[in-house]
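I have placed the structure first, in the form of structure tokens, so that the comments after it can refer back to it.
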Amino acid sequence: MSLATSTSQDNADLQTAPGEIVSIEAQATATAGRYLVSARHNVLPTDAKVSSGGPGLAIAAGELLLSSLASCSFGLIQEKAREFGWPLSSLDAEVLFQRDPADGTRYARLELAVTAGGVTQQQAQQLLDYFTGKCPIYNTLRRGGPASARITATT
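Letter 18 of the sequence shown, counting from 1, is numbered 18 in my numbering, and no numbers are missing.
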């Protein structure tokens with residue numbers, strides 16, 4: 001199933017331009033709750049939680065969301081530190097979500113805490129500001145963006 005007529009799946013450069021369409025593919029396996037997600041030439045197994053009938057061994061969907069936020073932050077922070085010539089020696093992050101107790105279909109909060117080694121607090125803040133101003137993942141989550149879903153039955 002293709003959602004787009006053009007994708008950047010084969011692009012070596014993962015930076016996307018405004019308006020560019022990027023897609024992944026996923027398929028359910030014969031194991032209940034086990035899925036394979038494909039992006040370009042990479043395949044990642046993911047699982048539903050045990051409480052949802054999955055094996056619960058591989059990374060779960062919500063964790064993939066958190067991982068994408070951490071990965072985008074690291075990429076943009078490292079990019080800007082290199083541009084400024086700052087001696088960024090390490091990056092660590094903790095990203096969390098809290099499920100909304102009143103509405104289980106959404107998260108009540110998402111938090112990203114980054115620790116940057118080798119730079120001053122002022123430099124670290126500039127790096128974080130660059131990330132929060134540029135990351136489409138962060139800004140879509142922060143603002144709440146349009147989303148759609150569709151399903152096609154085959155026999």
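Every residue gets a Cβ at the ideal spot worked out from N, C-alpha and C, and that includes glycine.
Note that this is a predicted model, so its numbers are computed, not measured.
- Sixteen is the threshold: when 16 or more other Cβ atoms of the shown chains lie within 10 Å of the Cβ of residue 73, as they do, the residue is buried.
- With three or more CB-CB distances shorter than 8 Å, the segment 68-82 counts as touching the segment 120-128.
- Taking 8 Å as the cut-off, the Cβ atoms of residue 33 and residue 55 count as close.
- Scanning its chain for C-beta atoms nearer than 8 Å, with the 5 sequence neighbours on each side dropped, one finds around residue 47 the residues 33, 34, 35, 54, 55, 56, 57, 58, 59 and 60, in chain order.
- Where residue 18 is concerned, there is no enclosing alpha helix (DSSP H), because DSSP gives it neither an H nor an E.
- The C-beta distance from residue 114 to residue 91 rounds to 7 Å, short enough to meet the 8 Å contact threshold.
- In the structure shown, residue 50 falls within a helical segment according to DSSP collapsed to helix, strand and coil.
- A Cβ-Cβ distance of about 5 Å is found for the pair residue 44 and residue 37, placing them in contact under the 8 Å criterion.
- Residue 26 counts as exposed, since fewer than 16 other C-beta atoms from the protein chains shown sit within 10 angstroms of its C-beta.
- Burial check for residue 108: the Cβ neighbour count within 10 Å stays below 16, so the residue is exposed.
- When beta bridges are read from the DSSP output, residue 55 appears opposite no residue.
- Residue 101 sits in coil when the DSSP states are folded into three classes, being neither helix nor strand.
- Of the residues assessed, residue 96 falls on the exposed side of the cut-off, its CB having fewer than 16 other CB atoms within 10 angstroms.
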